[in-house]
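Asks: Before I ask anything, let me first share the structure, which is written out below as structure tokens.
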Amino acid sequence: MRLGVLDVGSNTVHLLLLDVYPGSRPEPYASHKMPLQLVQHQDEQGRITDAGRDALTAFVVEARDFAVEHGAEDLLAFATSAIREAGNGAAVLDHVQSRSGVTLTELAGDQEAAITFFAVRRWFGWGAGTILDLDIGGGSFEMALGPNALPTAATSVPLGAGRLTRAFVAGDVATPKEVKAMRKHVRTTLGPAVERVRAAGTPDFVAGTSKTFRSLARICGAAPYAMGLHVPRTLHVEDLRLWSRRMEAMTVAERAQLPGVSPARARQILAGSVVAETAMDAWGVEKLYICPWALREGLILRRLDRLSTGAETRTVDPKQLVGAA
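Following this line, the structure appears as structure tokens:
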């Protein structure tokens, strides 16, 4: 079966096509994406602007046509925090559906954390023991912990790299006052969330998912992704502290020259480093392991599981894939 996965994130909207069958690996067949950065298309009230809504709708139409052209038989289409936390998110989803015929399913933050955790478990296996996964998006930050296929505890807080940058950094270079205020906000917001998840157990293994963690690991010396997915990559908090302080003094253009940082994400990578450093400190983590799979792969793997158990092959609502293992 040719499966399409349409992921509307805070930084990027991405359609991935895969040829899948029971027991297969989620290997891409074709890809179509755009760096939309919906968090930058919000007004002061947190509502997505008409321009942002129309740009998203136009891309979904493109993605629909691309999927049809390439023979997709099923489409998992979902949206995360940029839509979930927008004041007019439901209206934007209705607009997209009316213009494109594609229904974008809005995933809750804990669902997003849980299905990302599922992908991490599949990547690292049962030998990892109790896993803690940390995930930094453009609009939110997720944590999930547990010894099983799905987490015992999962939570989401509005500490995405794009959201924090928009809220705290006005100019090209962050001022010391802005950085101090952002760090304080992250600590204050993250503290109670960490305690809720910590109550579920102690991790044996800590993973980091998302483009932000991959970029931070690359900045701190991890292998480039041209070397392949299976090269082990780690992020040490000591290195992260050093580079976070260096980035405080850099312009956006200078950050864009760092290894692993794209021009589209250069402005928000400082905020991402603040969240990552604060989370690792809160958990007492000296080192975490980068996982190349995340939310999108988690949904794909859950869909493959349904195929392997003989479940129907008709189009499935992504929320049907988030339940118990």
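For the working numbering, add 2 to where a residue sits in the sequence shown, where the first one is 1. The beta carbon of each residue, even a glycine, is placed where N, CA and C say it ideally should be. All figures in this text were calculated on a predicted structure; none of them were measured in a lab.
1) If you draw a straight line from the alpha carbon of residue 327 to that of residue 239, how long is it in whole angstroms?
2) What's the gap between the Cα of residue 4 and the Cα of residue 120?
3) Expressed to the nearest angstrom, what Euclidean distance is found between the alpha-carbon atoms of residue 176 and residue 185?
4) If we call anything under 8 Å between Cβ atoms a contact, is residue 130 one with residue 107?
5) For residue 90 versus residue 50, is the C-beta spacing smaller than 8 Å?
6) Could you tell me which whole alpha helix (DSSP H) segments of length 4 or greater appear in the region 149-188?
7) Using a Cβ-Cβ cut-off of 8 Å (strictly less than) and excluding sequence neighbours within five positions of residue 47, which residues of its own chain qualify?
8) Three-state secondary structure (DSSP) at residue 327?
9) Three-state secondary structure (DSSP) at residue 67?
10) If the criterion is Cβ atoms closer than 8 Å, does the pair residue 303 and residue 86 meet it?
11) With 16 other CB atoms within 10 Å as the buried threshold, where does residue 231 fall?
12) Using the C-alpha atoms, what's the distance from residue 148 back to residue 75?
13) Measure from the alpha carbon of residue 21 to the alpha carbon of each residue in 95, 306, 294, then state which is nearest.
14) For residue 199, which three-state DSSP category applies?
15) Measure the Cβ-Cβ separation of residue 140 and residue 111 and say whether it is below 8 Å.
16) Run through DSSP, which three-state label would residue 108 get?
17) Can you give me the Cβ contacts of residue 38 inside the same chain, cut-off strictly under 7 Å, excluding the 5 residues immediately before and after it?
18) Considering only their Cβ atoms, is the gap separating residue 212 from residue 138 smaller than 8 Å?
19) What residue range is occupied by the uninterrupted beta strand (DSSP E) comprising residue 204?
20) Between the alpha carbons of residue 200 and residue 159, how many angstroms are there, rounded?
21) Do you know whose CA, among 310, 299, 73, 311, lies nearest residue 29's CA?
22) When we look at the beta-carbon of residue 229 and count the other beta-carbons within 10 Å, is it buried (16 or more) or exposed?
23) Give me the DSSP bridge partner(s) of residue 144.
24) Can the beta-carbon of residue 25 be found closer than 8 Å to that of residue 310?
25) Considering only C-alpha positions, which residue in the set 44, 206, 101, 43 is nearest to residue 66?
26) So is residue 197 buried or exposed if we call it buried at 16+ other beta carbons inside 10 Å?
27) Which whole-angstrom value describes the C-beta separation of residue 218 and residue 274, a residue pair presumed to lie in contact below a C-beta threshold of 8 Å?
28) For residue 319, collect the residues of the same chain with a Cβ closer than 7 Å to its Cβ; drop the 5 residues on either side in sequence, then sort them by chain order.
Replies: Inspection of the coordinates gives the following:
1) Taking the first residue of the sequence shown as position 1, residue 327 is located at position 325. Taking the first residue of the sequence shown as position 1, residue 239 is located at position 237. With a pLDDT of 48 at residue 327, under the threshold of 50, the modelled position of that residue is not reliable, and the figure given next carries that caveat. Cα to Cα, the separation comes out at about 33 Å.
2) As a first step, residue 4 must be located in the sequence shown, where it is residue number 2. As a first step, residue 120 must be located in the sequence shown, where it is residue number 118. So the two alpha carbons sit approximately 22 Å from each other.
3) On the sequence shown, position 174 is the one that residue 176 refers to. On the sequence shown, position 183 is the one that residue 185 refers to. In a straight line, the C-alpha of residue 176 is about 12 Å away from that of residue 185.
4) Numbered from 1 along the sequence shown, position 128 holds the residue referred to as residue 130. Numbered from 1 along the sequence shown, position 105 holds the residue referred to as residue 107. Cβ atoms of residue 130 and residue 107: not closer than 8 Å.
5) Against the sequence shown, residue 90 aligns to sequence position 88. Against the sequence shown, residue 50 aligns to sequence position 48. Closer than 8 Å, so yes.
6) 163-170
7) Taking the first residue of the sequence shown as 1, we reach residue 47 at position 45. Excluding residues within five positions, the ones whose Cβ falls inside 8 Å are 89.
8) Locating residue 327 in the sequence shown gives position 325, where the first residue counts as 1. Confidence at residue 327 is low in this model, with a pLDDT of 48, below 50, so its placement is unreliable and the value that follows should be read with caution. The answer is coil: DSSP assigns residue 327 none of H, G, I, E or B.
9) Here residue 67 corresponds to residue number 65 of the sequence shown, with the count starting at 1. Three-state result, residue 67: helix.
10) Locating residue 303 in the sequence shown gives position 301, counting from the first residue. Locating residue 86 in the sequence shown gives position 84, counting from the first residue. Not in contact: residue 303 and residue 86 (Cβ atoms no closer than 8 Å).
11) Locating residue 231 in the sequence shown gives position 229, counting from the first residue. Burial call: exposed.
12) Translated into positions along the sequence shown, residue 75 becomes position 73. Translated into positions along the sequence shown, residue 148 becomes position 146. Each residue's alpha carbon lies about 34 Å from the other.
13) Position 19 of the sequence shown, counted from the first residue, corresponds to residue 21. For the residues 95, 306, 294, the minimum Cα distance to residue 21 belongs to 306.
14) In the sequence shown, residue 199 corresponds to position 197, counting from 1. Correct three-state label for residue 199: helix.
15) Here the question's residue 140 lines up with position 138 in the sequence shown. Here the question's residue 111 lines up with position 109 in the sequence shown. No.
16) The sequence position of residue 108 within the sequence shown is 106, counting from 1. Strand, per DSSP.
17) Counting from one through the sequence shown, the residue named residue 38 turns up at place 36. So the list reads 14, 15, 57, 58, 61, once near-sequence residues are dropped.
18) Numbered from 1 along the sequence shown, position 136 holds the residue referred to as residue 138. Numbered from 1 along the sequence shown, position 210 holds the residue referred to as residue 212. Yes. Within cutoff.
19) As a first step, residue 204 must be located in the sequence shown, where it is residue number 202. Counting along the chain, residue 204 falls outside any beta strand (DSSP E), and DSSP gives it neither H nor E.
20) To locate residue 200, count along the sequence shown from 1; it is residue 198. To locate residue 159, count along the sequence shown from 1; it is residue 157. Cα-Cα distance, rounded: 15 Å.
21) Within the sequence shown, residue 29 is the residue found at index 27, counting from 1. Comparing Cα positions, the closest option is 299.
22) Translated into positions along the sequence shown, residue 229 becomes position 227. It counts as exposed.
23) Working through the sequence shown from its first residue, we reach residue 144 at position 142. Answer is 137, 158.
24) Locating residue 25 in the sequence shown gives position 23, where the first residue counts as 1. Locating residue 310 in the sequence shown gives position 308, where the first residue counts as 1. Contact flag set, yes.
25) On the sequence shown, residue 66 is found 64 positions in, with the first residue counted as 1. Out of 44, 206, 101, 43, 101 has the C-alpha closest to the C-alpha of residue 66.
26) One-based indexing of the sequence shown puts residue 197 at position 195. Residue 197 should be labelled exposed.
27) Numbered from 1 along the sequence shown, position 216 holds the residue referred to as residue 218. Numbered from 1 along the sequence shown, position 272 holds the residue referred to as residue 274. About 6 Å separates the two Cβ atoms, so the contact holds.
28) Start at 1 with the first residue of the sequence shown, and residue 319 comes out as number 317. Around residue 319: 107.
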